[in-house]
Amino acid sequence: MTKVTGRLWRDGEPRDDEFTFDTISDCLASRDQLVWADIYDPDHDALLALAHELQLNMWAVEDAIAPKERTKAAVYQTHTFFTVYALDVRDTAGDSDSMLVKHRISAFVLPHGLITVRLPSNGGEHPAFDIGEVSRRFDELGGQSHGVGALVHGLLDVVVDGHFDAVQALDDAIESLEDELFSDTAPSHGLQRRTFRVRKDLVDLRRVVLPVREVVSTIQHRRLDARTSPELDPLYADLYDHVLRASEWTESLRDMVTTVFETNLSLQDARLNTVMKKLTGWAAIIAVPTAITGFYGQNVLYPGLESVGGFITSSALIVVLIVVLYVMFKRRDWL
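Counting along the sequence shown from 1, when you hit position 83 you're at 1034 in our numbering, and nothing is skipped either side.
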């Protein structure tokens, strides 16, 4: 069901009680007003009507509601369009469940307003993205005096902070895998499955985080071309630095989880070799009494037959050879 929320500022002062969806175009036409409209689970026809009224690019509108759209930014004559994914970290019930919940946010950046379009996460199975945090971040920035650039910065800042939380969670998960991998006890049977799950989460995270660099750079240069709000330059530079850090951290985690995956396989091969060596050593030791008693069990005459001396000789030979083999294998770390 479509849900529309928004905020309105006039001359830098909030006028949220005056915001209505029907007056968005009038608010955007006024230079002394700043409007933000957030549309959750939009109706296709209503969104197309709004796009026609605001002269938004129809291809961008289709991208805003199309399934599985990638992170990107595009500049048009009257507005800038971008799509990003916010991330939440959830507790997993099983070894194969993903830790990440993705929230897709598309935005149309106009000279005096911002229109965000959000779709339900994973078909509505998970709670929606907290868009109120963007509004609070905007108020903390005092962005009314900086225009729509500050509002876009608040949105991207919240999204990138969520990326850092997701990267930190996956970093902790990899450290947990490493601790279990090199623990004194043998790793559990689910280690390989959890490693594969973290690896898949990192692939999804990489697809979400890396293209944000292009989005931030596009918006920043578009804003600089308009020569507005130079006070935001350090904030956008800091935001871009955060995006780079998140990207580099993601790449390093990708190498780490690959190393864990390969190390686990190597340790399994090493443990298998150890087991085979032990089995081979004990098989050689057990073969000694089997061979000697088998020889003495032949139906032929031989020295010591049916005598105590023969029994003592065969028993002593078995014990001596077993001790010799045990000491030899022990020195070679086969037992």
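The beta-carbon is built from N, C-alpha and C at its ideal position, and this holds for glycine as well.
Taking Cβ to Cβ, would you say residue i is nearer than 8 Å to residue j?
i     : j     : result
G957  : A988  : yes
L1186 : G1064 : no
D994  : T953  : yes
A997  : V1166 : no
D992  : L1070 : yes
V1163 : V1111 : yes
L1156 : L1001 : no
V1103 : I1056 : no
A1197 : V1154 : no
S1217 : R1148 : no
L1038 : A1117 : yes
L1005 : A1101 : no
What's the gap between the Cα of residue i and the Cα of residue j?
i     : j     : result
I1082 : T1067 : 10 Å
I1125 : E1213 : 13 Å
I1269 : F1262 : 11 Å
K1010 : D1220 : Checking the sequence, you will find Trp at residue 1010 rather than Lys. Rounded to whole angstroms, W1010 to D1220 spans 53 Å at the Cα level.
R1150 : L1106 : 28 Å
T1241 : T1264 : 15 Å
D1322 : T1225 : With the chain represented from 952 up to 1286, any question about residue 1322 goes unanswered, as that position is not in the structure.
G1260 : A1238 : 23 Å
L1276 : R1144 : 41 Å
V1274 : K1281 : 10 Å
F970  : R1021 : 31 Å
W1200 : Y1191 : 14 Å
E1084 : F1115 : 16 Å
F1080 : W1285 : 58 Å
Y1027 : L1061 : 10 Å
L1132 : T1146 : 10 Å
S1072 : H1097 : 31 Å
T974  : A1120 : 42 Å
A1177 : S976  : Because the pLDDT of A1177 is 42, which lies under 50, any placement of that residue in the model is unreliable, and the question is left without a value.
R1088 : H1193 : 16 Å
C978  : W960  : 9 Å
D968  : E1091 : 20 Å
D1042 : G1113 : 16 Å
T1136 : T1244 : 40 Å
L1128 : D1152 : 14 Å
Could you name the residues that DSSP lists as bridge partners for residue i?
i     : result
A1037 : H1054
R1006 : A quick correction: the sequence has Gln, not Arg, at residue 1006. None; Q1006 has no bridge partner.
Q984  : R961
L1065 : W987, V1060
T1031 : V1026, V1060
V955  : I990
At least three beta-carbon pairs within less than 8 Å, the segment 1228-1241 to the segment 1203-1211: no
Can you check the segment 1201-1255 for any alpha helix (DSSP H) of at least 4 residues that lies completely inside it and give the ranges in chain order? none
Ranges of the beta strand (DSSP E) found wholly within the segment 1095-1123, counting only runs of at least 3: none
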